[in-house]
Structures are given as C-alpha cells and as structure tokens.
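Asks: Pasting a structure below so you can have a look.
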Amino acid sequence: MRKKIFRFAILPWFKWIAYIFYNKKYLTGRHFEGKSLEGWVWVLNGIWKQKILGFNRYLPFPCHPTARIYHYNNIFFDVDNLDNFQSPGIYFDCVRKSIHIGKGTYIGPNVGLLTANHQFDNLDDYQEGKDIVIGKNCWIGMNAVILPGVTLGDKTIVGAGAVVTKSFLQGHCVLGGVPATVIKTLPVKNTALE
Ligand SMILES: CC(C)(COP(=O)(O)OP(=O)(O)OC[C@H]1O[C@@H](n2cnc3c(N)ncnc32)[C@H](O)[C@@H]1OP(=O)(O)O)[C@@H](O)C(=O)NCCC(=O)NCCS
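Counting from 1, position 112 in the sequence shown corresponds to residue 94 in the numbering used here; the numbering is continuous, with no gaps.
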C-alpha cells in the first residue's frame, strides 16, 4: 500500500526534484522503471548524503557515500547496472584512460578498478594509463583489484580478493588468487545471456 501511494502520489513530483540533483539520463532503466523503486531509494539517500552532506557530490548519478569514483566521464556502463555504484568501498580511478563495464556485470564491495600506476620515481604523477574492459555478465567479487590494461571476456567471474594483473579474453571462467589465475572454466551456453 505504501509503495502504491509513493508510486502514484509522490513519485511524479519526486522525479522533478531528482532531476534537479542528478542527470536524468541515469535515472532510467530497470532500477527506476516497472515495479522496482530501488533506484528512487538511492536517489532519496543520495540527495541527503551526496548532494547535501557532500559525499561524491560531483557525480551526476546516485552513488554509495563510501565509494571513490575519479574521472567518472571515462567510465562507460549501462544504466541498468547503476547498482554497481551502490556497492560500498568501490574505488574506480580512470586516470587518463577509460573503464568499460559490460552490460549485466555485477561488481561487489571494495572492488578496485585502476587504469594507471603512479610513476615509481615521482609518486605525484602517473604512468601512462591503460584501459580496463570488462565483458558482459561478469561478476567481480568483493575486494578484487583489476589493474591497468586488463580485459576480461564475457562471463568472467573474479573471486573475492583476487588481483587481476593480465587479460583473460576467453571469458567463461572463474579467476582467483594473487596474481589471478583460472581456477575453473565455465560451460559456454547458447542462451540469450551469452
Ligand atoms: C570465486 C568463487 C565464486 C568460486 O566459487 P566456487 O566455484 O564455488 O569455488 P569452489 O569453492 O569450488 O573452489 C574452487 C577452488 O578455487 C579456490 N577458490 C575459491 N574462491 C577463491 C578465491 N576467491 N580466491 C582464490 N581461490 C579461490 C578454492 O580454494 C578451490 O581450490 P581447490 O580446488 O584447490 O580446493 C567464490 O569462492 C568467491 O570468491 N565468491 C565471491 C563472493 C563475493 O565476493 N561476494 C560479494 C558480493 S557481490
């Protein structure tokens, strides 16, 4: 009942307030349409924590207050996967290069995606960056770190705590460990998801 009241009586007005604080293009997709209201809950939280208290204020989309997202313009993702930015402790740093997150990919808490290392002889500066490309329907477990230049094929599962130092283009596998290696291969199914 409360959901119905929110959806029909409050949401039409609340949307206009949301569009003042966030870019409208991000407030669409599966988290904002149909039966799901969770996107609007992120917005409500975000207006308070992000836009008023100031945690990640500059971001044009709702994001967890403990996340650190640098150079967000260099991150490419589908709005249906805005849930990845609600994961606590994520650290996405796209210095000089970009991060591509494939549709349907899930990213767990405290995951680091880093496109450039510091220069060893001048830590105030960065080495030349390299893009990170994550395929479709991947799952990056919590505390995993993906280093500059890594490309992961579709349906790559990265185990908790893994440090991925090189590319695994084939996808359909489970990676784990430091440095990450293939700990399992997954069957390639001929479904619409693949
Ligand atoms: C990677 C993962 C999905 C694998 O699950 P699984 O397929 O059931 O794996 P298994 O338990 O059968 O383990 C297979 C082997 O991989 C090892 N392994 C499992 N997870 C590992 C990890 N994160 N890092 C390193 N090795 C791992 C196991 O020790 C086992 O090794 P063994 O064959 O020598 O005994 C799971 O272990 C994991 O890390 N999940 C992440 C959960 C998470 O982060 N959730 C956050 C919310 S999004």
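Glycine included, every Cβ here is placed at the ideal spot set by N, Cα and C. Source: prediction; values computed, not measured.
For R(-11), does the three-state DSSP call read helix, strand or coil?
Replies: DSSP places R(-11) in helix when its eight states are reduced to three.
Asks: Tell me where the alpha helix (DSSP H) around N27 begins and ends.
Replies: It spans E20 to G28 - the alpha helix (DSSP H) in which N27 sits, taken as one unbroken run.
Asks: Looking at the unbroken beta strand (DSSP E) that takes in T158, where does it start and where does it end?
Replies: The amino acid at residue 158 is misidentified as Thr; the sequence shows Gly. G158 -> beta strand (DSSP E) spans C155 to G158.
Asks: Taking 7 Å as the cut-off, does the CB of G143 come closer than this to any heavy atom belonging to ligand 1?
Replies: True, at least one ligand heavy atom lies under 7 Å from that Cβ.
Asks: What span of residues does the beta strand (DSSP E) with H82 cover, start to end?
Replies: Run containing H82: I81 to I83, per the beta strand (DSSP E) assignment.
Asks: Measuring only the C-alpha atoms, how far is E70 from D60?
Replies: For the record, residue 70 in the displayed sequence is Pro; it is not Glu. Distance between the alpha carbons of P70 and D60 is about 19 Å.
Asks: Out of A126, I128 and H154, which has the shortest C-alpha to C-alpha gap to T138?
Replies: The option with the nearest alpha carbon to T138 is H154.
Asks: Considering T138, what are the terminal residues of the beta strand (DSSP E) in which it resides?
Replies: Where T138 is concerned, the enclosing beta strand (DSSP E) stretches over T138 to V140.
Asks: How big is the Cα-Cα spacing for Q68 and Q101?
Replies: The straight-line gap from Cα to Cα measures roughly 31 Å.
Asks: In the DSSP assignment, the beta strand (DSSP E) including L95 goes from what residue to what residue?
Replies: Element bounds for L95: G94 to L96.
Asks: When the distance is taken between beta carbons, is Y4 closer than 8 Å to V23?
Replies: No, they are not a contact pair.
Asks: Check the DSSP bridge columns for K(-3) and list the partner residues they point to.
Replies: Paired residues: none, contrary to the question.
Asks: If you reduce the DSSP assignment to three classes, tell me which class D107 lands in.
Replies: In this structure, D107 counts as strand in the three-state DSSP scheme.
Asks: If you pair each beta-carbon of the stretch 102 to 112 with each one of the stretch 76 to 83, do three or more pairs fall below 8 Å?
Replies: Yes, since at least three Cβ pairs between the stretch 102 to 112 and the stretch 76 to 83 fall closer than 8 Å, the two stretches touch.
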